[in-house]
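Here's the structure we're looking at; comments come further down.
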Amino acid sequence: MDKTIVRLRTKIRKAQEEINAFQEACPHPPQNVRYQHGANTGNWCSDEDSYWTDYYCGKCGKWWMEDGSTRVEGAFCVPYGDDLLPKEESK
Ligand SMILES: [Zn+2]
6 MDKTIVRLRT KIRKAQEEIN AFQEACPHPP QNVRYQHGAN TGNWCSDEDS YWTDYYCGKC
66 GKWWMEDGST RVEGAFCVPY GDDLLPKEES K
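Just so we're aligned, residue 6 is where the sequence shown starts under the working numbering, counting upward by one.
Structure representation (structure tokens):
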């Protein structure tokens, strides 16, 4: 492989490690957090119904998901059908 690619991939890996560390250290302040409830219901077998909550932190750019309907006090609850990602950040 060309050395240029090796060098660039090393840069990407290091940058990704920095992003991970930043997201790991981020307290995800409620005023920066958006969340949205999701559900998969009406299954023939109701044991297969599931509920979850998607989260997005606008400070560190992290996405994550939690099982069940959870919430963060002070965070913005995005209505079902709307984009979890704020419009100004989806570019
Ligand atoms: Zn965060």
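Glycine included, every Cβ here is placed at the ideal spot set by N, Cα and C. Here the structure is a predicted model, which is why all the values come from computation and not from measurement.
Residues near residue i by beta carbon distance below 7 Å, same chain, minus five either side
i     : result
Cys62 : Cys31, His33, Asn37, Val38
Ser51 : none
Leu89 : Arg39, Gln41, Asp59, Tyr61, Val83
Check whether residue i and residue j have beta carbons under 8 Å apart
i     : j     : result
Val83 : Tyr40 : yes
Val65 : Gln21 : Strictly speaking, residue 65 in this sequence is Cys, with Val absent from that position. Not closer than 8 Å, so no.
Neighbourhood of residue i by C-beta distance below 6 Å, restricted to the same chain and skipping five residues each side
i     : result
Asp72 : Trp57
Trp68 : Tyr61
Cβ neighbour criterion (16 or more within 10 Å) applied to residue i
i     : result
Tyr85 : exposed
Restricting to runs no shorter than 4 residues, where is the alpha helix (DSSP H) found entirely within the segment 27-70? none
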